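Below is one structure; the comments refer to it alone.
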Amino acid sequence: MSTEDNRTPGADKTQGVAGAGGAALAAKVVAQASQLLLFIVAARFLVPADFGVFALVAASSALLFLIAAAGWREFIMSWGGSANAVNQALTLALTSGYAISLLGLTAAAIMVLHYESPILALLTITFSACVLMAPMTSALGGLLVRLERVPMLSAVLIVSEIAGLGMGVYGLVSGWGILALGAAKLITQLIALLGSLAIARWPLRITLRGGFGPEIKELSQQILINRVINFLSNNASIFIVGFYLGVTNTGLYRAAERVISSIAELVFDPLRLLAWMVFRRAADRAPNPKMIKDEVAQEASIFLPLTIVFASPVFVGLSVVSEEVVTLLLGEVWLPAAPVVSILAMSALLLTPNIATEPLLTLNGKVRALAPIAVINAIITIIVLLAFTRFGLIAAAFARLAASFCVMAGAIWLQTRHAGAPWLGTMKRAAPLYTALIALVSSVYGARFLLADYDVSLVGTMAVEVLIGAVVYFGVIMLIRPSYLRSALWL
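Under this note's numbering, the residue at position 311 of the sequence shown is numbered 311, and the numbers go up by one with no gaps.
Quick look at the structure:
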């Protein structure tokens, strides 16, 4: 199909929302399992100080990736016009990757020439190569979502994550140290890019002047600003902890964050993808642009409660069993991170409403409203962290919890004000969840008390606690609000 067509090539309509969500969930499960397994192996070979150094370099490179990725992926997912605009967005993604990766190479040169640190330089070069490829990979991912080829995309991501795991474990066993983690990231990114190119089958034409510059700039600029601000808000803790408490405490704090982020991405990413697909289809059903807000808001009244239903037991349960999780996954040397895991789990729960912010505001043409709230959230987060991190790891975790409450309030206000999201009704409908969550926590502590009299392994104890908690939670939901589960099946 020629790129001169006036619309995007027809999507494969055989893929339903539920199937796409299932494929995305499978990919995310494999990705998080691979990354968590690599982290567990690394915890046996690296000390917290090593992991702290790696965390600081990785966080810096992640900021460069955000800048390079801008909003190309989101533009492609939301664009409904000429395919030439998609080509222009893909070209910009490729160009920005090249440009921003040069910053990383410059930093590597400084580390060698001025600080005489070849290990850090090699790690920085590795991440710079990832930054080079990542924007194009991300943009192609948006194209594949738009074409509803999510299962094929998920298959590629699964292969890339498994390959990265293999490379990382090999490097750790071979004595590469923190460079093994960088090599794992590089292999993962390379396979994801090549696989996405292969399955997209898109007639790419390199063009920086395809005639859609203003539209691409408008959306990508707003997405970029919001993402960078959110990044600074979410990752300021790493740099602030490193500044006040040193690299060892940074390693412990990052270990706790890594445990939480593995679970959070497993929960949030499929829900975010579903949000884009569900709200996109609702917008497409609107008979005219003026009706988009009403159609999307109606869909949100069903979708938003489900995000709370499925996220709440995960993070509340993780908060309860944090000590067992840290001991089992990382070893007793990492136990000081367990209280941080408990607090950050509740912080992640407060961020659940933010899943729907970008798709709701983008589809309603209100993406500009993201930046001001994001700036306020970032300022509050940084101020709170600067004020309390000096008092230790636990204080830093509670500061992050307070900041997450502000982020949640801002997300709810944005969605209600600019997209008509029925959060007041959602909160009322979610009231029965409190009963289910209390039952979950009580059942977990009850199981722990009963198992204390028996010689049960740590793995067995945690498995019983998780199983009983899940059964009790969803059993209570079925008794008091079965419509939630019927809504999930309807999706």
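We put the CB at the ideal spot given by N, CA and C, even for glycine. The structure displayed is predicted, hence computed values, not measured ones.
- Distance from the CA atom of V30 to the CA atom of V156, rounded to whole angstroms, is 11 Å.
- In this model, L349 and A403 are separated by some 12 Å (Cα to Cα).
- Following the DSSP letters along the chain, one finds E332 in no alpha helix (DSSP H), marked with neither H nor E.
- In the pairwise beta carbon analysis, the segment 92-108 is classified as touching the segment 123-132: at least three pairs are separated by under 8 Å.
- Exposure of N288 is indicated by the presence of fewer than 16 other C-beta atoms within 10 angstroms of its C-beta.
- Cβ contact annotation for Y98 (same chain, cutoff 7 Å, sequence separation greater than five): L132, in chain order.
- L165 and L90 have their C-alpha atoms some 28 Å from each other.
- Here E332 is exposed, its C-beta having fewer than 16 other C-beta atoms within 10 Å.
- For A286, there is no enclosing alpha helix (DSSP H), as DSSP marks it with neither H nor E.
- C-alpha of T435 to C-alpha of A42: approximately 39 Å in a straight line.
- Secondary structure note for I355: it is in no alpha helix (DSSP H), with a DSSP letter that is neither H nor E.
- Annotated as proximal: V367 and Q222, with beta-carbon spacing under 8 Å.
- In the three-state reduction of the DSSP assignment, S301 falls in the helix class, which pools H, G and I.
- Excluding sequence positions up to five before and after P336, its CB lies within less than 6 Å of the CB of L252, all in the same chain and listed in chain order.
- Looking at the backbone, the Cα of R258 and that of G475 are separated by about 30 Å.
- Rounded to the nearest angstrom, the Cβ distance from V145 to L273 is 7 Å, consistent with a contact under 8 Å.
- Excluding five sequence positions before and after V384, the CB atoms of its chain that fall closer than 6 Å to its own CB belong to A399, A402 and A403, given in chain order.
- With respect to the 8 Å criterion, L143 and I187 are not classified as neighbours on the basis of their beta carbons.
- Between Q415 and the set Y445, N354, F405 and V471, the nearest pair of CA atoms involves N354.
- The count of Cβ pairs closer than 8 Å, one atom from the segment 216-231 and one from the segment 24-38, stays below three, leaving the stretches out of contact.
- Sequence-distant Cβ neighbours of R254 in its own chain, meaning closer than 7 Å and more than five residues away, are F51, G52, A55 and I238.
- Shown here, E148 sits in coil according to DSSP, grouped into three states, outside any helix or strand.
- Look at the beta carbons and you see the segment 264-282 touching the segment 292-304: at least three pairs across the two are nearer than 8 Å.
- The beta carbon of V320 sits closer than 7 Å to those of V441 and V444, all from its chain and outside the five residues before and after it, given in chain order.
- Its chain contains I373 as the residues whose beta carbon lies nearer than 8 Å to that of W413, once the 5 sequence neighbours on both sides are disregarded; these appear in chain order.
- Under the three-state reduction of DSSP, Y445 is assigned to helix.
- A387 has its alpha-carbon roughly 43 Å from the corresponding atom of A23.
- By the CB criterion at 8 Å, N377 and H418 fall outside the cutoff.
- CA-to-CA, the gap between R73 and A452 works out to about 50 Å.
- Residues A447, L451 and V456 of the same chain have their beta carbon placed closer than 8 Å to that of V464, with the five preceding and five following residues left out of the count.
- Look at A436 here: in three-state DSSP terms it is helix.
- Using a C-beta cut-off of 8 Å, the segment 308-318 makes contact with the segment 260-270, since at least three inter-stretch Cβ pairs fall below that distance.
- Comparing C-alpha distances from A58 to each of T250, L393 and G425 shows the shortest one belongs to T250.
- Residues A275, W276 and F279 of the same chain have their beta carbon placed closer than 6 Å to that of P359, with the five preceding and five following residues left out of the count.
- With distances taken between CA atoms, A397 lies nearest to I343 out of I158, P48, I343 and I240.
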